[in-house]
Amino acid sequence: MKCPKCDFIDTKVLESRVSVDGRSIRRRRNCLKCHHRYTTYEKEEELMLQVRKKDGSFDEFSHEKIVRAISMACRKRAISIDQIEVMVNSIEVQLRSEGERIIPSSRIGDLVMKRLRQTDHVAYVRFASIYKDFKDPEEFVRELKGLKSTRETNSPLS
(Lines of atoms letter the chains of each structure in order from A and count residues from 1; the text may use other names and numbers.)
(Lines give C-alpha, C1' and ligand atoms only; values in the text may rest on other atoms or scores of the structure.)
Protein backbone atom coordinates (compact mmCIF):
# COMPACT_ATOMS: atom_id res chain seq x y z
CA MET A 1 0.00 0.00 0.00
CA LYS A 2 1.26 3.48 -0.90
CA CYS A 3 2.50 5.70 1.89
CA PRO A 4 0.21 8.76 2.17
CA LYS A 5 3.21 10.97 2.98
CA CYS A 6 5.84 10.04 0.37
CA ASP A 7 3.94 7.73 -2.05
CA PHE A 8 6.50 4.96 -1.61
CA ILE A 9 4.84 1.64 -2.40
CA ASP A 10 6.62 -0.60 0.09
CA THR A 11 5.17 -0.61 3.63
CA LYS A 12 5.25 -2.96 6.55
CA VAL A 13 2.20 -4.02 8.57
CA LEU A 14 3.04 -3.57 12.25
CA GLU A 15 -0.25 -4.69 13.76
CA SER A 16 -3.65 -6.03 12.60
CA ARG A 17 -6.86 -6.09 14.62
CA VAL A 18 -10.47 -6.88 13.92
CA SER A 19 -12.58 -3.76 14.48
CA VAL A 20 -15.18 -3.47 17.24
CA ASP A 21 -18.07 -4.20 14.86
CA GLY A 22 -16.24 -7.22 13.43
CA ARG A 23 -16.75 -6.02 9.86
CA SER A 24 -13.31 -4.58 9.14
CA ILE A 25 -9.64 -5.03 9.93
CA ARG A 26 -7.56 -2.18 11.30
CA ARG A 27 -3.91 -2.23 10.27
CA ARG A 28 -1.03 -0.09 11.56
CA ARG A 29 1.53 0.39 8.81
CA ASN A 30 5.03 1.79 8.57
CA CYS A 31 6.59 3.21 5.41
CA LEU A 32 9.96 1.59 4.74
CA LYS A 33 11.30 4.77 3.10
CA CYS A 34 10.20 7.72 5.29
CA HIS A 35 9.14 5.68 8.36
CA HIS A 36 5.75 7.42 8.51
CA ARG A 37 3.19 5.42 10.53
CA TYR A 38 -0.45 5.37 9.54
CA THR A 39 -3.62 3.32 9.92
CA THR A 40 -5.64 1.61 7.20
CA TYR A 41 -8.93 -0.26 7.32
CA GLU A 42 -9.78 -3.27 5.23
CA LYS A 43 -13.45 -3.92 4.68
CA GLU A 44 -15.49 -6.26 2.51
CA GLU A 45 -16.87 -4.52 -0.53
CA GLU A 46 -20.60 -4.22 -0.05
CA LEU A 47 -23.10 -4.79 -2.79
CA MET A 48 -24.04 -1.35 -4.12
CA LEU A 49 -27.81 -1.24 -4.17
CA GLN A 50 -29.76 0.79 -6.70
CA VAL A 51 -33.37 1.79 -6.14
CA ARG A 52 -35.75 1.84 -9.11
CA LYS A 53 -38.28 4.57 -8.44
CA LYS A 54 -41.91 4.59 -9.59
CA ASP A 55 -41.06 6.81 -12.57
CA GLY A 56 -38.40 4.32 -13.74
CA SER A 57 -35.40 6.42 -12.72
CA PHE A 58 -32.65 5.05 -10.50
CA ASP A 59 -31.20 6.32 -7.26
CA GLU A 60 -28.45 5.02 -5.00
CA PHE A 61 -29.79 3.21 -1.92
CA SER A 62 -29.71 5.55 1.07
CA HIS A 63 -29.87 4.27 4.63
CA GLU A 64 -30.26 7.87 5.84
CA LYS A 65 -33.23 8.52 3.56
CA ILE A 66 -35.13 5.60 5.10
CA VAL A 67 -34.19 6.78 8.61
CA ARG A 68 -35.58 10.24 7.76
CA ALA A 69 -38.84 8.84 6.36
CA ILE A 70 -39.43 6.59 9.37
CA SER A 71 -38.44 9.40 11.76
CA MET A 72 -41.08 11.65 10.21
CA ALA A 73 -43.72 8.95 10.63
CA CYS A 74 -42.63 8.37 14.24
CA ARG A 75 -42.56 12.04 15.19
CA LYS A 76 -43.95 12.66 18.68
CA ARG A 77 -44.29 8.91 19.22
CA ALA A 78 -42.48 6.87 21.88
CA ILE A 79 -39.99 5.45 19.38
CA SER A 80 -36.30 6.17 19.88
CA ILE A 81 -33.76 6.82 17.15
CA ASP A 82 -32.11 3.56 18.24
CA GLN A 83 -35.32 1.65 17.48
CA ILE A 84 -35.52 3.37 14.10
CA GLU A 85 -31.89 2.44 13.36
CA VAL A 86 -32.62 -1.19 14.26
CA MET A 87 -35.60 -1.16 11.86
CA VAL A 88 -33.59 0.35 9.02
CA ASN A 89 -30.62 -1.95 9.63
CA SER A 90 -32.89 -5.00 9.50
CA ILE A 91 -34.42 -3.75 6.24
CA GLU A 92 -30.98 -3.17 4.73
CA VAL A 93 -29.69 -6.58 5.86
CA GLN A 94 -32.77 -8.26 4.37
CA LEU A 95 -32.36 -6.43 1.04
CA ARG A 96 -28.64 -7.24 0.81
CA SER A 97 -29.22 -10.90 1.70
CA GLU A 98 -31.66 -11.19 -1.21
CA GLY A 99 -28.71 -10.52 -3.54
CA GLU A 100 -30.48 -8.20 -5.98
CA ARG A 101 -28.59 -5.10 -7.07
CA ILE A 102 -31.71 -3.25 -8.24
CA ILE A 103 -34.56 -2.91 -5.78
CA PRO A 104 -37.96 -1.41 -6.59
CA SER A 105 -38.83 1.46 -4.25
CA SER A 106 -42.11 -0.36 -3.59
CA ARG A 107 -40.14 -3.24 -2.02
CA ILE A 108 -38.47 -0.86 0.42
CA GLY A 109 -41.80 0.80 1.18
CA ASP A 110 -43.43 -2.57 1.87
CA LEU A 111 -40.64 -3.56 4.27
CA VAL A 112 -40.93 -0.22 6.10
CA MET A 113 -44.71 -0.65 6.35
CA LYS A 114 -44.28 -4.16 7.78
CA ARG A 115 -41.81 -2.96 10.45
CA LEU A 116 -43.95 0.06 11.38
CA ARG A 117 -47.10 -2.04 11.59
CA GLN A 118 -45.34 -4.27 14.14
CA THR A 119 -43.93 -1.29 16.06
CA ASP A 120 -46.48 1.54 16.18
CA HIS A 121 -49.87 1.75 14.47
CA VAL A 122 -49.98 5.55 14.39
CA ALA A 123 -46.56 5.73 12.73
CA TYR A 124 -47.71 3.00 10.34
CA VAL A 125 -50.79 4.99 9.28
CA ARG A 126 -48.73 8.18 8.89
CA PHE A 127 -46.24 6.40 6.65
CA ALA A 128 -48.99 4.56 4.73
CA SER A 129 -50.83 7.81 3.97
CA ILE A 130 -47.78 9.12 2.12
CA TYR A 131 -46.43 5.85 0.72
CA LYS A 132 -49.80 4.67 -0.62
CA ASP A 133 -50.64 8.22 -1.76
CA PHE A 134 -54.24 8.21 -0.52
CA LYS A 135 -56.44 10.29 -2.83
CA ASP A 136 -59.54 10.50 -0.65
CA PRO A 137 -60.57 9.93 2.97
CA GLU A 138 -62.22 6.59 2.12
CA GLU A 139 -58.85 5.04 1.27
CA PHE A 140 -57.58 6.23 4.63
CA VAL A 141 -60.60 4.72 6.43
CA ARG A 142 -60.11 1.38 4.61
CA GLU A 143 -56.49 1.27 5.76
CA LEU A 144 -57.55 1.97 9.36
CA LYS A 145 -60.22 -0.74 9.20
CA GLY A 146 -57.66 -3.21 7.85
CA LEU A 147 -55.31 -2.33 10.67
CA LYS A 148 -58.08 -2.69 13.26
CA SER A 149 -59.30 -6.06 11.91
CA THR A 150 -55.74 -7.42 11.86
CA ARG A 151 -55.22 -6.28 15.43
CA GLU A 152 -58.49 -7.91 16.55
CA THR A 153 -57.69 -11.27 14.90
CA ASN A 154 -54.24 -11.26 16.50
CA SER A 155 -55.40 -10.29 19.99
CA PRO A 156 -55.26 -12.97 22.73
CA LEU A 157 -58.97 -12.49 23.50
CA SER A 158 -60.17 -13.67 20.07
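The opening position of the sequence shown corresponds to residue 12 in my numbering, with each subsequent residue numbered one higher.
Heads up, the beta-carbon is just placed ideally off N, CA and C, and yes, glycines get one too.
Computed from a predicted model, the values in this text were never measured in an experiment.
At which residues does the beta strand (DSSP E) containing D70 begin and terminate? To locate residue 70, count along the sequence shown from 1; it is residue 59. 69-71 is the extent of the beta strand (DSSP E) around D70.
Mark I119 as exposed unless 16 or more other C-beta atoms lie within 10 angstroms of its C-beta, in which case mark it buried. By 1-based counting over the sequence shown, the position of residue 119 is 108. Buried.
Are the region 94-108 and the region 137-150 in contact at 8 Å, needing three or more beta carbon pairs? no
In whole angstroms, what separates the C-alpha of E111 from that of V62? Numbered from its first residue, the sequence shown carries residue 111 at position 100. Numbered from its first residue, the sequence shown carries residue 62 at position 51. Roughly 10 Å between the two C-alpha positions.
Given 7 Å as the limit, tell me if L25 has its C-beta closer than that to any heavy atom belonging to the ligand FMN. In the structure shown, the ligand FMN is absent, as is every other ligand, since no ligand is present at all.
Excluding sequence positions up to five away, which residues of its chain have a Cβ less than 7 Å from the Cβ of E53? Within the sequence shown, the letter at position 42 stands for residue 53. Closer than 7 Å at Cβ, skipping near neighbours: S35, I36, R38.
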